[in-house]
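What follows is a short report on a single structure.
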Amino acid sequence: MTEEGKYRKESRSRKRSQPDHDTSLEDKAFQKSKVTSRSPTKITPLKKQEMEDLKKLLAEMKRDLKKEMEENKKEIRDGIYDLKKDLTDLRTETRENKEEIQNLRQEIERRKKVG
1 MTEEGKYRKE
11 SRSRKRSQPD
21 HDTSLEDKAF
31 QKSKVTSRSP
41 TKITPLKKQE
51 MEDLKKLLAE
61 MKRDLKKEME
71 ENKKEIRDGI
81 YDLKKDLTDL
91 RTETRENKEE
101 IQNLRQEIER
111 RKKVG
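The UniProt record's numbering puts the first residue of the sequence shown at 1, with every later residue one more than the last.
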């Protein structure tokens with residue numbers, strides 16, 4: 001067996017030979033300190049007030065953003081409506097111009113035949 005293999009085997013056997021729970025006072029104190037260090041920090045009234053102020057500020061910003069988005073939507077809808085109306089007007093004008101051109105062609109053809 002290699003040196004490395006012996007070391008691994010020894011380390012495993014040492015872990016198994018140790019007792020599972022050490023109830024010494026130092027260990028208990030250590031465990032207790034670990035528990036208290038994980039407890040959440042207390043929120044002071046000043047910190048609580050800051051949090052409330054931030055919540056209010058965020059809510060106000062959200063309302064403003066929502067209002068601005070609604071205004072932008074309205075502007076876009078109005079723009080789309082205007083464009084559709086302009087497009088309809090242009091199509092009508094184009095149709096009228098085509099009819100007028102057709103009438104002028106017929107008039108020219110008629111005059112050529114007569115003249």
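For each residue, glycine too, the CB sits at the ideal point set by N, CA and C. Keep in mind that this is a model prediction, so the values were computed, not measured.
{"Item": "Alpha carbon of D89 to alpha carbon of I80, nearest angstrom", "Value": "14 Å"}
{"Item": "First through last residue of the alpha helix (DSSP H) which encompasses K47", "Value": "45 to 114"}
{"Item": "Length of the line joining the Cα atoms of K112 and R77", "Value": "52 Å"}
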